[in-house]
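*Asks:* First to last, the protein sequences are chains A and B.
Last residue of the first sequence: 140 (the working numbering), numbering continuous.
Last residue of the second sequence: 240 (the working numbering), numbering continuous.
Just dropping this structure here.
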Amino acid sequence: MTSPARVFLRKYRWRFSGMVAWVIQRVTGLLLLFYLFLHIHTVSKLAEGPEAFNQAMATFHSPLFKLLEIGLLGTVVLHAVNGIRITLIDLGIGVEKQRHLFWFLTVGIGILIFLAGAIPMFLFAVLKV
Amino acid sequence: MNIRIRIARFPVQGGKTFSEFQLVLEERMTVLDALFRVQREMDSSLGFRCACRVGMCGSCAVSINRIPRLACSTLVKSLDSATVTVEPLPNLPVIKDLAVSLAPFFELWKRALPAFRPRNKESQELARIPADTLFAQLAPGKRDCITCGACYSACTITRKSGRYLGPAAINRALLRLLDPRDAADSERLAVLDKEIEGVWRCHTQFNCTATCPRGINLTDSIVRIKRALLRRGRSFQA
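Have a look at this one:
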């Protein structure tokens with residue numbers, strides 16, 4: 012007997028994997044949409060001349076933005092790998108094993124790809140070793 | 003050991019309240035047993051529905067700790083919760099306390115043309131369904147629906163759109179589409195292909211599959227129909 016949130020995470024995370032995956036896809040999709048607008052806004056600075064663009068780029072070279080870039084990598088990877096899972100399901104591949112697909116493909120392989128990109132980014136862009 | 007059971011009530015004057023009761027937890031006590039204990043010993047005005055008590059009829063489907071389940075098949079102990087919250091199935095009109103009207107569910111069920119329409123009404127021959135056909139392979143896993151409404155109330159799309167057919171109706175339509183003796187393929191596919199009502203509204207969240215007390219993979223049925231609609235002109239069983 013424990014709190015309802017803990018019970019849900021322990022007992023039902025496997026059972027409702029499909030819903031968890033759907034929420035992840037929507038949240039990462041919205042974050043990528045936000046990033047797209049930010050990207051367009053930055054690129055549009057070119058129209059104001061090279062100085063305005065360089066000033067905008069200088070902001071993105073701060074360590075905080077490098078950390079956010081690592082977050083962006085995580086968002087892209089999750090969205091992409093989960094997108095592959097959804098495509099497979101729509102093709103009728105792994106519908107019976109969708110929970111395995113989520114936890115092993117989306118989460119498992121997603122984490123591996125994320126770490127493969129995030130560790131060098133953190134070492135060379137944030138810590139600058 | 004005691005458990006606290008919170009039961010949703012709907013007074014005549016409107017609104018939603020919760021009645022709370024303390025019960026002694028027994029080893030094999032189901033949620034339905036707990037509801038009967040409350041009704042017999044504590045509050046005789048409590049309204050709920052049940053019939054078979056063995057998970058066959060689907061009439062005791064309620065929301066238990068926010069998940070639609072059959073009260074008769076859910077052991078209180080298995081919930082791992084000191085408080086058990088019992089509410090009527092969401093997304094369906096409440097008749098009294100935990101009893102809901104399944105009228106909206108069956109309205110949509112009827113729209114999917116669930117009844118068998120034979121190709122040859124006069125035929126006296128027994129149909130032969132070879133074991134290697136898709137119907138023979140899929141039917142055992144798809145035909146056990148007890149129309150409890152758990153999938154319908156767990157589906158987030160039916161919550162938003164009262165016109166979406168819902169997982170149970172679509173699963174029944176799939177069974178009919180697969181059946182080589184049935185003649186209403188094109189009529190059914192036309193209903194299933196509709197933008198608001200049909201299969202395209204499904205967001206593949208698998209909530210229906212996760213809550214089906216009979217373990218039917220309803221999302222698989224919906225995905226199969228989506229693919230069939232994309233290859234129109236070819237046989238459904240191809």
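Backbone N, C-alpha and C fix where the C-beta goes; we use that ideal spot for every residue, glycine too.
When the cut-off is 8 Å and only beta carbons count, does Met207 of chain B lie next to chain A?
*Replies:* The question names Met, yet the displayed sequence has Gln at residue 207 of chain B. Proximity of Gln207 of chain B to chain A, defined by a Cβ-Cβ separation below 8 Å, is satisfied.
*Asks:* Since Asp99 of chain B and Gly49 of chain B should fall inside the 8 Å C-beta cutoff, what is the C-beta to C-beta distance between them, to a whole number of angstroms?
*Replies:* 4 Å
*Asks:* On the criterion of 16 or more Cβ atoms from any shown chain inside 10 Å, does Leu128 of chain B qualify as buried, or is it exposed?
*Replies:* exposed
*Asks:* When you compare each of B:Leu231, B:Phe12, B:Ala63 and B:Glu29 to Asn4 of chain B by their alpha carbons, which one comes out closest?
*Replies:* B:Glu29
*Asks:* At a Cβ cut of 7 Å, what residues of the stretch 103-115 of chain A count as close to chain B, listed as they run along the chain?
*Replies:* Gly103, Val106, Glu107 and Gln109
*Asks:* If you draw a straight line from the C-alpha of Phe27 of chain A to the C-alpha of Glu22 of chain B, how long is it?
*Replies:* The straight-line gap separating the alpha-carbon atoms of Phe27 of chain A and Glu22 of chain B is approximately 28 Å.
*Asks:* Taking Cβ positions, are Ser61 of chain B and Pro90 of chain B nearer each other than 8 Å?
*Replies:* Contact flag unset, no.
*Asks:* In whole angstroms, what separates the C-alpha of Leu72 of chain B from that of Gly57 of chain B?
*Replies:* 7 Å
*Asks:* Can you find a CB in chain A that lies within less than 8 Å of the CB of Val253 of chain B?
*Replies:* Not covered by the structure: residue 253 of chain B. The range shown for chain B is 3 to 240.
*Asks:* Is Ser28 of chain A helix, strand or coil when you go by DSSP?
*Replies:* helix
*Asks:* For a cutoff of 8 Å on Cβ pairs, would you count Asn219 of chain B as touching chain A?
*Replies:* yes
*Asks:* In angstroms with no decimal places, state the Cα-to-Cα distance between Ile100 of chain A and Val106 of chain A.
*Replies:* 5 Å
*Asks:* Taking one C-beta from the stretch 11-25 of chain B and one from the stretch 33-52 of chain B each time, how about it: are there three or more such pairs within less than 8 Å?
*Replies:* Taking 8 Å as the limit for Cβ pairs, the verdict is that the stretch 33-52 of chain B does touch the stretch 11-25 of chain B.
*Asks:* At least one CB of chain B closer than 8 Å to the CB of Met12 of chain A: is that the case?
*Replies:* Only weak support is given to the placement of Met12 of chain A: the predicted model assigns it a pLDDT of 49, under 50, and the question is left unresolved by the model.
*Asks:* Name the chain A residues that come within less than 7 Å of Asp195 of chain B, Cβ to Cβ?
*Replies:* In chain order: nothing, as chain A lies at least about 16 Å away.
*Asks:* Considering only residues of the same chain and omitting the five flanking positions on each side of Met12 of chain A, which have a CB-CB separation below 7 Å?
*Replies:* Residue confidence is low: Met12 of chain A scores 49 on pLDDT, short of 50, so the model does not pin down where it sits. No coordinate-derived value is stated.
*Asks:* Return no unless some Cβ of chain A is closer than 8 Å to the Cβ of Ala240 of chain B.
*Replies:* With a pLDDT of 43 at Ala240 of chain B, under the threshold of 50, the modelled position of this residue cannot be trusted; read the value that follows with caution. Chain A, which has no Cβ nearer than 8 Å to the Cβ of Ala240 of chain B, makes this no.
*Asks:* Could you tell me the alpha carbon to alpha carbon distance between Asp146 of chain B and Cys214 of chain B, rounded to whole angstroms?
*Replies:* Rounded to whole angstroms, Asp146 of chain B and Cys214 of chain B show a C-alpha spacing of 10 Å.
*Asks:* Less than 8 Å between C-beta atoms, sequence neighbours within five positions excluded: which residues of the same chain meet that for Ala240 of chain B?
*Replies:* Confidence at Ala240 of chain B is low in this model, with a pLDDT of 43, below 50, so the placement of that residue should be treated as unreliable; the coordinate-derived value is given next. Closer than 8 Å at the Cβ level, and outside the excluded window around Ala240 of chain B, lie Arg233.
*Asks:* Assign Ala171 of chain B to buried or exposed, taking buried as 16 or more other Cβ atoms, counted over all protein chains shown, within 10 Å of its Cβ.
*Replies:* The C-beta of Ala171 of chain B has 16 or more other C-beta atoms within 10 Å across all chains shown, which makes the residue buried.
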